[in-house]
Amino acid sequence: MSIRFFADVIDQGHDNNVAWSAGQELAFGPNDRIEADFILWYQRKVMFGNDCPTQLVFGEAKSFRGENVEERREIDDAFDQRDIDRMKRLATEFAGSILVFSTMKKPEELSDDEIARISKLAEWGASTCESGGSRARQ
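Per the numbering used here, the sequence shown starts with residue 15, numbered consecutively.
Next comes the structure, spelled out in structure tokens:
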């Protein structure tokens, strides 16, 4: 559904380019691999002039993880710290990339801990890095 959102909803029939791949493992070294649930390359077209730069989007997707009582006893959150760490690593390796956390859960069903973890990552991404710009816009 997240891929469809980018491909159909955001595009809305415009002449934008979207390419995607689901369930990819990126290798940074022999024993250094990071998995992304989906990767998108998205480029907005403009009527006149040069097209916008291509944007790289990494996504972590969950369905209804922890949706029923039995599962909630075993799984507290859809997005745990390992998910956050993986996405942060991808943002570090691919400066300026967009990170997406998507779930079928309603926003009010996310735990305070999940929201805090994702918020902390968002604040890190918006913070100033050594070059003086934000990590999100290198």
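Yeah, the Cβ is synthetic: ideal placement off N, Cα and C, and Gly gets one too.
Could you say which of Lys119, Leu70 and Asp97 lies nearest to Ile132 if we only look at CA atoms?
-> Asp97
Please report the residue range of the alpha helix (DSSP H) in which Ser133 lies.
-> Asp126 to Ala140
How big is the Cα-Cα spacing for Ala105 and Ile112?
-> 8 Å
Per-residue DSSP class, three states only, for Thr106 = helix
Taking the CB atoms as reference points, tell me whether Gly37 and Asp51 lie closer together than 8 Å.
-> yes
When DSSP builds the beta bridges, which residues end up paired with Gly73?
-> Phe52 and Val114
Measure the alpha-carbon distance for Pro121 versus Lys76 and round it to whole angstroms.
-> 13 Å
For the putative contact between Gly73 and Ser16, defined by C-beta atoms under 8 Å, what is the C-beta separation to the nearest angstrom?
-> 5 Å
Between which two residues does the beta strand (DSSP E) containing Asn31 stretch?
-> Asn31 to Gly43
Just mark Ile129 as buried or exposed, buried being the case when its beta carbon has 16 or more other beta carbons within 10 Å.
-> exposed
Once you ignore the five residues that flank Phe20 on each side, which residues in its own chain have a CB closer than 8 Å to its CB?
-> Val32, Trp34, Leu54, Tyr56 and Val71
Taking just the CA atoms, how far does Met101 sit from Phe115?
-> 9 Å
Give the secondary structure of Arg100 by DSSP, where H, G and I count as helix, E and B as strand, and everything else as coil.
-> helix
Using 10 angstroms around the beta-carbon of Phe93, count the other beta-carbons present and answer buried if the total reaches 16, otherwise exposed.
-> buried
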